[in-house]
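6 protein chains.
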Amino acid sequence: MKNQYVNRMQEGDRINDYFVAARKDLRSKQDGGKFLGMVLKDKTGDIGGVMWNNATDTAKLFEVGDVVSVRGTVGTYQGRLQVRIDQVLPLCENDYSLSDLVNKPDNLKETAEAFEALLLSLGNPFCKALCAAFLQDQDFKESFMQAMAGKKWHHEYVGGLLQHCHEMARIAETVCELYPELDRDVLMTAIFLHDAGKVHEMTHGLAAEYTTEGKLLGHLQIGCDMVQRKMDQIPDFPEKLRMELLHCILSHHGELINGSPVTPRTIEAIVLHHIDNLDAQTAAFSRIIRETREKGQEWSDYLPLIDRVIWTK
Amino acid sequence: MKNQYVNRMQEGDRINDYFVAARKDLRSKQDGGKFLGMVLKDKTGDIGGVMWNNATDTAKLFEVGDVVSVRGTVGTYQGRLQVRIDQVLPLCENDYSLSDLVNKPDNLKETAEAFEALLLSLGNPFCKALCAAFLQDQDFKESFMQAMAGKKWHHEYVGGLLQHCHEMARIAETVCELYPELDRDVLMTAIFLHDAGKVHEMTHGLAAEYTTEGKLLGHLQIGCDMVQRKMDQIPDFPEKLRMELLHCILSHHGELINGSPVTPRTIEAIVLHHIDNLDAQTAAFSRIIRETREKGQEWSDYLPLIDRVIWTK
Amino acid sequence: MKNQYVNRMQEGDRINDYFVAARKDLRSKQDGGKFLGMVLKDKTGDIGGVMWNNATDTAKLFEVGDVVSVRGTVGTYQGRLQVRIDQVLPLCENDYSLSDLVNKPDNLKETAEAFEALLLSLGNPFCKALCAAFLQDQDFKESFMQAMAGKKWHHEYVGGLLQHCHEMARIAETVCELYPELDRDVLMTAIFLHDAGKVHEMTHGLAAEYTTEGKLLGHLQIGCDMVQRKMDQIPDFPEKLRMELLHCILSHHGELINGSPVTPRTIEAIVLHHIDNLDAQTAAFSRIIRETREKGQEWSDYLPLIDRVIWTK
Amino acid sequence: MKNQYVNRMQEGDRINDYFVAARKDLRSKQDGGKFLGMVLKDKTGDIGGVMWNNATDTAKLFEVGDVVSVRGTVGTYQGRLQVRIDQVLPLCENDYSLSDLVNKPDNLKETAEAFEALLLSLGNPFCKALCAAFLQDQDFKESFMQAMAGKKWHHEYVGGLLQHCHEMARIAETVCELYPELDRDVLMTAIFLHDAGKVHEMTHGLAAEYTTEGKLLGHLQIGCDMVQRKMDQIPDFPEKLRMELLHCILSHHGELINGSPVTPRTIEAIVLHHIDNLDAQTAAFSRIIRETREKGQEWSDYLPLIDRVIWTK
Amino acid sequence: MKNQYVNRMQEGDRINDYFVAARKDLRSKQDGGKFLGMVLKDKTGDIGGVMWNNATDTAKLFEVGDVVSVRGTVGTYQGRLQVRIDQVLPLCENDYSLSDLVNKPDNLKETAEAFEALLLSLGNPFCKALCAAFLQDQDFKESFMQAMAGKKWHHEYVGGLLQHCHEMARIAETVCELYPELDRDVLMTAIFLHDAGKVHEMTHGLAAEYTTEGKLLGHLQIGCDMVQRKMDQIPDFPEKLRMELLHCILSHHGELINGSPVTPRTIEAIVLHHIDNLDAQTAAFSRIIRETREKGQEWSDYLPLIDRVIWTK
Amino acid sequence: MKNQYVNRMQEGDRINDYFVAARKDLRSKQDGGKFLGMVLKDKTGDIGGVMWNNATDTAKLFEVGDVVSVRGTVGTYQGRLQVRIDQVLPLCENDYSLSDLVNKPDNLKETAEAFEALLLSLGNPFCKALCAAFLQDQDFKESFMQAMAGKKWHHEYVGGLLQHCHEMARIAETVCELYPELDRDVLMTAIFLHDAGKVHEMTHGLAAEYTTEGKLLGHLQIGCDMVQRKMDQIPDFPEKLRMELLHCILSHHGELINGSPVTPRTIEAIVLHHIDNLDAQTAAFSRIIRETREKGQEWSDYLPLIDRVIWTK
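Protein chains in written order, with our numbering: chain P, 1 to 313; chain B, 1001 to 1313; chain G, 2001 to 2313; chain F, 3001 to 3313; chain W, 4001 to 4313; chain V, 5001 to 5313.
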């Protein structure tokens, strides 16, 4: 069991605990030798680390994403905390508890079952077939179950993407009751697939990072390509439904400036966009409120992303 | 019963039917006499009118907001359709059908009862008392029941504001189930009162126009003043709740650029803003889809407000 | 041969000449009958038309995009010129001269040959294979040869897209000489394919209009899908090259606000974007200068798109 | 008398002097104990401080806003100067000189008298009565006399708000002479009250901080409420004047993006906005010029708020 | 004396009065002949005119900027009023009253004398010499006295620029009393010369239009060149003063987006910018209030430039 | 020969090598004495330095821009590396190699000759005379040859401005072949002179800094003044060409927000702007790719100026 967490570290602390190795760089010293730069991560945050001796050999012992046992001391470098590392040892899966390293909601399995049941009960046979094609694709399904919706702002944990989609579907049920013009099958399918591209845009294991494909193409384009390939395999997939679903994926960021190449032009697309936003912001405020209360503050720290402080009462 | 509607008029039509007199201006002719400028309105739109003879006497026969019988001919002036008016006669309430002149949903009474019941069942005694104070204020209640949420974009009909609030409450129920951090009583009270100022920002009878107070102060400030006065009359109204509710009203437009002097800084405020947006845009898309289909088009006309066309399929 | 052109029409003119029927709408008159709304087009512009009698029968005689002989009179409606149509008759290909109806550069064939030769001489075998796959696809090639780069601003004529790409390639040659870091094969392939999606985003015959697919997905996404499908058919197409080319297509508008979902992150992508812009704006200024001089003006009319007037000296 | 000022501190200095305790946080150490975080302030700036031992007892000795004697050493923490505190002792009013801790103009009393005389000589009886009501409200008057107009940019000292208002009135006199359309009484009253809400938006003693009410409602809304309550107590206060004055307060930031929920729509409101801006920016430039010259520089440091450097010659 | 003014014209009016010929275009008719397009102007506005017969001969009778007697009838063309002209005759200076054609304040001579006295009393000998150099330049002085500050928004009449500068100087006196850091001589000189380039940016006779130089270079650059040339002729003109004054001219629009290539970086420059703005907006609001009251309206028409309506009470 | 470069320094390094003294400030210590603040620079970057003892005497030994030998130790201050200086000694030109201190392309002389030949071969005699006037001005020519186009982003080295202009001319040749409307002589002259003002906007020796004139007037205005003075000396210089060239200089930043007081309104101006942008961004991407590969990274560090990372493959 882990005792030392990143968000509690202070200058001068002696460290002897395990972390995810989220980055590993061998760089040159002025004297010609090498030193090892690392990023250490657990469920509370991350911290840089540097190892001056024995760097080349140590670097061979582990890969990025591995869990390692680290010994060292917390100092500061250029104004930020940093671990001066003495030793790094790789661990096996039995040596650590995953729940110390990443957050994961308890009810993930129930959520997955409920969401899957909803999708497989859709009335439109092509929507249902498309959802089924993804759910039967074991590689996709496994990745989707592990994916986070984002690195930091909302649903930023293992299973976060699934939970986000399920919450969106819950809200969508109510909106469909209010507005008969909405095609519920299209909307639910679009909710399921709107962020499907995130599965390849980021790595989602112990060390979440944007992939090269993610940085060059983005999850909208990646997602459209994934959905298009599945639709190609369903005989007689209607052209109208094809355009509707791809349009929902492409436009779900709502505005060009937010990265959607087209703005929402169907009622399902506009509803998808607003539900996505509503659920994301509510989740982010919830997280900030919890974190702020834990620190014993009434007002959150300043949040640059939204340029304000939040009141937690 | 009315036969001639504004949205069907074409150059050359002879007009003989009734309309709301939405504007009445006596202006000078070059020869020193007067002519009468009017705006005629029914539930399908409005059109300008001009009467060259007998203007002064005719202008005495009616007030803005009255229903009048008009005879004349449709022409064009400076590129827009305009009725050359021959005669204007005032009508009594029995002479016309209100439903020809303004839109009004059928189930308004049921909606009102359901929404009122919800508000009076709130657990927080101060929230409940505040809602009750407004519901027992007959002037307010009557105005609120007639109010539209906007002049053109969404819920732009008699009872529109009530219906909008009720839909928001429905969506809020679901969001409250998902996020235990939310204070349901605060959120429901804020939904009820977020646009309360619109009751005085606009006239809401047959001719909806912004009032001078509305143009100078806006419905956020007017609403805060109304709510503050009611809170002043409730003994021991908690300061914290006072600030929370006023903050929700002030920040519900979400961003400074949209006219909120402060941005949402509580979770109830951010949820209020996003539910408001979600319901308003969905309602607007619904309306545009219905209107576009009625015109037999697959794509809507260009919508300058949102800079796009909408697909109605 | 055609004598009457749209840009010379004045109120009161009698019309008896041929045009492209760019739009055809049967709508209801107030008396229950139908009238026919049209848009008439030739190489100098377009004008609305309306036919009050015999509308239903006349509408059966032709389709949108056909060339028709029209008789009527020029009037105004709501402040704009409009043809009151008396008669519409369909024409055969022999009855009209295509060059009266659309603009087309003289040297299109030579341009096509030169550009094709350049592409087929690329050194990178996968770039060459990809270009060849498109050039051997007769449907694509024919459409590409006819396509305009835009409806109004630049290269807005038959063959405009081809000419634009060829000019870009000419400029790219010089830039490649200056910057050895540039991969010429990638850049030339990206120039060829950057607007490939426009082939399906618009119709490109006699009546250019955005398609439903174009309005919902946009030419970036359509183009990526076209290129992806061709790459799927080339064995061992390198993943790196796949990402580079798709990235160039997606990012060539340069900024999110201009509709690219990602910004240019490779040197070929940034060069593609700037060459595209340079050639497009130069072509637009050239066109405006020619048109302004033809009108005998020293300064152009006000150009809302770029918020300025242009000096033609 | 004080010898050590915040803006002269350097790493390694031994500190033994008095400061305002502008912040006081008891936080947990990793070993379970507590440490004390502080912010120390004098008229030249502020600096963080931390006390590792005896924290809980020390924290009981003083409140935020008290003046304390501090002993310690200047070090750096995460790249910024910080005092490692050994001892904190509370002081009595006799033990320190207020003028070492906050800036305060010499002629504050004269300014107050002149401004009060101007307000009480207004011709419009309702304007005069409203000003009198505020001036006779001792709580308000005392707060108003102490208030600063802002925390950092302009008039950022005790009495700054009063001085700012008086300067605005001086400029307004001249503008009223130039433009007879201006209602001088309305303008002068609006100048007095435009920032009245700042009295509650911030604490204005030795430690200026935004209050919770300030962060949730802002000084525009707080000020409108204060003014409305006073107007309610003046019999027959004219509705027109009520709307004019509240409009001036609400719109005085000039644009929505600057936090005004309505833009200036009367001539007094537009003049108020521009005079406010003119005086604020001139005062800020004056301050920067003085501070820069004191540092012996010809050009100021980079000013992020206005994205430029200033020349002091 | 003139009886028919542009702002009172209505469809059908017979016209027989004099106007400024503000534009004169000979254009081709479809039949090969020519017609004459004109713009007619008086102090109340302008209107287009068209003459179908005898166009070539008539066009020889007058130049743009001449005063002409016009006979014709008011009709509409493409939705706007237009005079169908039957006859145009040139007039001599004795045949018309200038005050019917352009607005001009009564006290222009007094204003000029007061402003000149102020400039010639400046203490700094180089400021005084520079002002004198401009005032002794008869061409400049005459143009400056006639110039308007703008075409439409503020001080849009003969002598408007002078009046605007004098008002700014009045306000500047007060600001200089408040802020001893301000160099009054520099500020007054900068006020005099800040818009000097407008003398060449526009024609300022009876027909105000932007010149080609004005459209290509703008009044900031033209003004700097004029001032630089005068400074070159004053021996030993100090480099510091040269830079200060040119900086004031270049930066007086305040922000890049408003057309200043540099932002204000001295206190005189920031004060110049804000006084300019204050006086311009107050003048514009004054004008709109007067015009709106004349039309008998309480609220102005919608003002696109500032996106609002104005209350005139 | 130099061994220690700024971009390789690490905390703890002993420094004994030569650098450009890019800044020199004598400031007061708390004890009343003086210390010396410096910035040390070589071709790889710059670093702050501080000398606590013997500061006043040392400061007399050298000027900003001199090359000095420095002994000291690398530490950190407020989170950034800083040299604690023990000794500073001035060097003579023979003591150091210029190529260690600033970057300079090898082929600068050839580039200069080629560019000069191009300019002197222009057909338009006034363009040629203007270019010749600058090339025969030895002060200008020497400065121009040394100038960098910018401090950091592109062509940020000795001779960078010349190289940038020559590259632009190469691209312009191709564009002129494509567009016959372009006046090649005007375009080439404009390319030569568009950034001429940079010669005085910055110092261009060993320590590049913005001058006071540069910060107050900017290189557009400075350049226009330089070009105007040269044109004044060429008899009969055509007014049309004068306006065209000054317009090109003033508008070459393309948009007001980028600091051009007018937007491009001639075809040469729009082409100049786009070629400038194309060459600048391509050069910047080239530099970033080289620097990133040198660090052994596939993706560049985050680039705040363009808000992205760049892929170097």
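For glycine and all other residues, C-beta sits at the position ideal for the given N, C-alpha and C.
Discussion item. Is the beta carbon of residue 5127(V) closer than 8 Å to that of residue 4962(V)?
Written reply: Past the edges of chain V, shown from 5001 to 5313, lies residue 4962(V), and the structure says nothing about it.
Worksheet item: Comparing alpha-carbon positions, which option in 5216(V), 5202(V) and 5222(V) lies nearest residue 5193(V)?
Response: As a position in the sixth sequence, residue 5193(V) is number 193, starting the count at 1. For residue 5193(V), the closest of 5216(V), 5202(V) and 5222(V) by C-alpha to C-alpha distance is 5222(V).
Worksheet item: When DSSP labels each residue in this structure, what does residue 126(P) get in the three-state scheme?
Response: Against the first sequence, residue 126(P) aligns to sequence position 126. The DSSP-derived three-state label of residue 126(P) is helix.
Fill in: Nonlocal neighbours in the same chain, by C-beta distance under 7 Å from residue 3091(F), ignoring five residues either side
Your numbering for residue 3091(F) matches position 91 in the fourth sequence. Within the same chain, residue 3091(F) has close Cβ partners 3018, 3067, 3068 and 3069.
Discussion item. Less than 8 Å between the C-beta atoms of residue 1022(B) and residue 1149(B), yes or no?
Written reply: By one-based count along the second sequence, residue 1022(B) stands at place 22. By one-based count along the second sequence, residue 1149(B) stands at place 149. Not a contact, by the Cβ cut-off of 8 Å.
Worksheet item: Considering only residues of the same chain and omitting the five flanking positions on each side of residue 141(P), which have a CB-CB separation below 8 Å?
Response: Position 141 of the first sequence holds residue 141(P). Within the same chain, Cβ atoms closer than 8 Å to the Cβ of residue 141(P) are found at 134 and 135, the five residues on either side in sequence being excluded.
Worksheet entry | Supposed contact pair residue 164(P) and residue 13(P) - C-beta distance, whole angstroms, cut 8 Å | As a first step, residue 13(P) must be located in the first sequence, where it is residue number 13. As a first step, residue 164(P) must be located in the first sequence, where it is residue number 164. With a Cβ gap of about 35 Å, residue 13(P) and residue 164(P) do not count as contacting.
Discussion item. For the stretch 5239-5248 of chain V against the stretch 5265-5284 of chain V, do three or more pairs of beta-carbon atoms, one drawn from each stretch, fall closer than 8 Å, so that the two count as touching?
Written reply: The stretch 5239-5248 of chain V is in contact with the stretch 5265-5284 of chain V.
Discussion item. Tell me which residue opens and which closes the alpha helix (DSSP H) that residue 3026(F) is part of.
Written reply: Sequence index remark: in the fourth sequence, residue 3026(F) carries index 26 (1-based). Going by DSSP, residue 3026(F) is part of no alpha helix (DSSP H) but of the beta strand (DSSP E) stretching over 3014-3028.
Worksheet item: Of all the CB atoms in chain W, is at least one closer than 8 Å to the CB of residue 5225(V)?
Response: Numbered from its first residue, the sixth sequence carries residue 5225(V) at position 225. At least one chain W Cβ lies under 8 Å of residue 5225(V).
Worksheet item: Listing by chain order, which chain B residues have their CB less than 7 Å from the CB of residue 281(P)?
Response: For the purposes of this step, residue 281(P) is identified with residue 281 of the first sequence, where counting begins at 1. Listed along chain B are 1270 and 1274, each with a C-beta nearer than 7 Å to that of residue 281(P).
Discussion item. Comparing C-alpha positions only, which one of 2200(G), 2120(G), 2211(G) and 2240(G) sits nearest to residue 2226(G)?
Written reply: As a working mapping, residue 2226(G) is identified with position 226 in the third sequence. When only C-alpha atoms are compared, the closest one is 2200(G).
Discussion item. Could you check whether residue 5219(V) and residue 5252(V) sit closer than 8 Å to each other, using their CB atoms as the reference points?
Written reply: Within the sixth sequence, residue 5252(V) is the residue found at index 252, counting from 1. Within the sixth sequence, residue 5219(V) is the residue found at index 219, counting from 1. No; because the gap between Cβ atoms is not below 8 Å, this pair is not in contact.
Practice prompt. Could you have a look at residue 143(P) and say whether DSSP puts it in helix, strand or coil?
Written response: Translated into the one-based positions of the first sequence, residue 143(P) becomes position 143. Three-state result, residue 143(P): helix.
Worksheet item: If you pair each beta-carbon of the stretch 1100-1115 of chain B with each one of the stretch 1164-1176 of chain B, do three or more pairs fall below 8 Å?
Response: Using a C-beta cut-off of 8 Å, the stretch 1100-1115 of chain B makes contact with the stretch 1164-1176 of chain B, since at least three inter-stretch Cβ pairs fall below that distance.
Discussion item. Classify residue 4302(W): buried if its beta carbon has 16 or more other beta carbons within 10 angstroms, exposed otherwise.
Written reply: In the fifth sequence, counting from the first residue as 1, residue 4302(W) sits at position 302. Residue environment for residue 4302(W): exposed (fewer than 16 other C-beta atoms within 10 angstroms of its C-beta).
Worksheet entry | Close-in-space but distant-in-sequence residues of the same chain around residue 3183(F) (CB under 7 Å, 5 per side omitted) | As a first step, residue 3183(F) must be located in the fourth sequence, where it is residue number 183. These residues qualify, in order along the chain: 3268.
Discussion item. What does the alpha-carbon distance come out to for the pair residue 174(P) and residue 3198(F)?
Written reply: Taking the first sequence and counting its residues from 1, one reaches residue 174(P) at position 174. Taking the fourth sequence and counting its residues from 1, one reaches residue 3198(F) at position 198. Roughly 43 Å separates the two Cα atoms.
Discussion item. Please return the same chain residues whose Cβ sits closer than 7 Å to the Cβ of residue 238(P), not counting the five positions on each side in sequence.
Written reply: Within the first sequence, the letter at position 238 stands for residue 238(P). Sequence-distant partners of residue 238(P) (beyond 5 residues in either direction) whose C-beta falls short of 7 Å from its own C-beta, in its chain, are 126.
Discussion item. Strictly under 8 Å for the Cβ-Cβ distance: is residue 1948(G) near chain W by that measure?
Written reply: Residue 1948(G) lies beyond the residue range present for chain G, which begins at 2001 and ends at 2313; the question has no answer from this structure.
Discussion item. Contact defined as beta carbons within less than 8 Å: I believe residue 2118(G) pairs with residue 2188(G). What is the distance between those atoms, to the nearest angstrom?
Written reply: Counting from one through the third sequence, the residue named residue 2118(G) turns up at place 118. Counting from one through the third sequence, the residue named residue 2188(G) turns up at place 188. Residue 2118(G) to residue 2188(G), Cβ: 7 Å. Contact.
Discussion item. Based on DSSP bridge pairs, tell me the residues matched to residue 4046(W).
Written reply: Residue numbering aside, residue 4046(W) sits at position 46 when the fifth sequence is read from its first letter. Residue 4046(W) is bridged to 4041(W).
Worksheet item: Taking the alpha-carbon positions, what's the residue 4120(W) to residue 4275(W) distance?
Response: For the purposes of this step, residue 4120(W) is identified with residue 120 of the fifth sequence, where counting begins at 1. For the purposes of this step, residue 4275(W) is identified with residue 275 of the fifth sequence, where counting begins at 1. Separation of residue 4120(W) and residue 4275(W) (C-alpha to C-alpha, rounded to the nearest whole angstrom) is 21 Å.
Worksheet entry | Residue from 1138(B), 1016(B) and 1215(B) with nearest C-alpha to residue 4300(W) | Residue mapping note: residue 4300(W) aligns to position 300 of the fifth sequence, counting from 1. Residue 4300(W) has its Cα closest to that of 1215(B), out of 1138(B), 1016(B) and 1215(B).
Worksheet item: Applying a beta-carbon distance threshold of less than 8 Å, which residues of chain P neighbour residue 2256(G)?
Response: Counted from its first residue, the third sequence places residue 2256(G) at position 256. Correct list: 256, 257, 258 and 259.
Worksheet item: Using a Cβ-Cβ distance under 8 Å, would residue 3217(F) count as near chain B?
Response: Indexing the fourth sequence from 1 puts residue 3217(F) at position 217. True, the Cβ-Cβ gap to chain B drops below 8 Å.
Fill in: Contacts that residue 5309(V) makes with chain P (C-beta to C-beta distance below 8 Å)
Walking along the sixth sequence from the start, residue 5309(V) turns up at place 309. Those are 215, listed as they occur along chain P.
Worksheet item: Roughly how many angstroms lie between the CA atoms of residue 5311(V) and residue 4288(W), to the nearest whole one?
Response: As a first step, residue 5311(V) is located in the sixth sequence; it is residue number 311 there, counting from the start. As a first step, residue 4288(W) is located in the fifth sequence; it is residue number 288 there, counting from the start. For the pair residue 5311(V) and residue 4288(W), the Cα-to-Cα distance works out to about 56 Å.
Fill in: Cβ shell of residue 4039(W) (< 8 Å), same chain only, five flanking positions each side left out
Mapped onto the fifth sequence, residue 4039(W) falls at position 39. Counting only Cβ-Cβ distances below 8 Å, and skipping sequence neighbours, we find 4021, 4022, 4023, 4046, 4047, 4048 and 4049.
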